[in-house]
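Below: one structure, written as structure tokens.
Residue numbers (this note's numbering): 70 to 242.
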């Protein structure tokens, strides 16, 4: 077996281990589904290095994601494993995979629509953002915002006017 093939198989094993890690705030999503796990590679010293991008600056789940990745990589036989935080390009909800969007809906969370394209400063709005939401329970798009913040800062709370049930919506970023 060539060194390149061994390296590729080792990276595949590392990807498999890292791909099992779930988001601590959205446990129905793996870090791959969420689009947070950006890369797996080797450091100059031979360590396995996972690269992750935070969903937003100051995300409180980053330390848990890092610890969970290191634990899974070590459990898969990578004694020297590290996590590198990559800030550019900034994460966007557009990176959530189709499987991730389906998992959100199955868990009763309305998946995000397309992220707003921005150039320049982010405008300050003093009213709730108008979003295209769909009730994950009945499929209606007739919903009203109840709170801009749900169980986490990245979710908003809505109420469906068709089935009258409350639901969370993952905000577009």
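For glycine and all other residues, C-beta sits at the position ideal for the given N, C-alpha and C. Predicted, not measured: the structure shown is a model, and the values here were computed from it.
Exercise. The ligand GTP heavy atoms versus the CB of residue 221: any closer than 6 Å?
Worked result: Among the components of this structure there are no ligands whatsoever, and the ligand GTP is therefore not found.
For this session: Could you spell out where the alpha helix (DSSP H) holding residue 101 opens and where it closes?
Result: According to the DSSP assignment, residue 101 belongs to the alpha helix (DSSP H) that extends over 100–103.
Exercise. On the three-pair Cβ rule with 8 Å, is the region 178–197 touching the region 124–131?
Worked result: Under the Cβ criterion (8 Å, minimum of three pairs), the region 178–197 does not count as touching the region 124–131.
For this session: Note down the Cα distance separating residue 86 from residue 141, rounded to an integer number of angstroms.
Result: When rounded, the distance between both Cα atoms is 6 Å.
For this session: Note down, in chain order, each residue of its chain lying with its Cβ closer than 6 Å to the Cβ of residue 110, except the 5 sequence neighbours on either side.
Result: Closer than 6 Å at the Cβ level, and outside the excluded window around residue 110, lie 118.
For this session: Specify the secondary structure class of residue 117 as computed by DSSP and reduced to three states.
Result: In the three-state reduction of the DSSP assignment, residue 117 falls in the strand class, which pools E and B.
Exercise. Buried or exposed: where does residue 249 fall if 16 or more other Cβ atoms within 10 Å of its Cβ makes it buried?
Worked result: In the structure as shown, the chain starts at 70 and stops at 242, and residue 249 therefore has no counterpart that could be examined.
Exercise. Nearest-angstrom Cα distance between residue 167 and residue 153?
Worked result: Computed Cα separation, rounded: 25 Å.
Exercise. What residues in its chain sit with their C-beta under 7 Å from that of residue 102, if we drop five residues either side in the sequence?
Worked result: Within the same chain, Cβ atoms closer than 7 Å to the Cβ of residue 102 are found at 165, 166, 168, 169, 172, the five residues on either side in sequence being excluded.
For this session: Please state whether DSSP places residue 235 in a helix, a strand or coil.
Result: Of the three classes helix, strand and coil, the one that applies to residue 235 here is strand, per DSSP.
For this session: Tell me whether residue 91 sits in a helix, a strand or coil according to DSSP, three-state version.
Result: For residue 91, the three-state secondary structure derived from DSSP is strand.
For this session: Look at the alpha carbon of residue 134 and the alpha carbon of residue 76, and state the distance between them as a whole number of angstroms.
Result: Between residue 134 and residue 76, the C-alpha separation is close to 25 Å.
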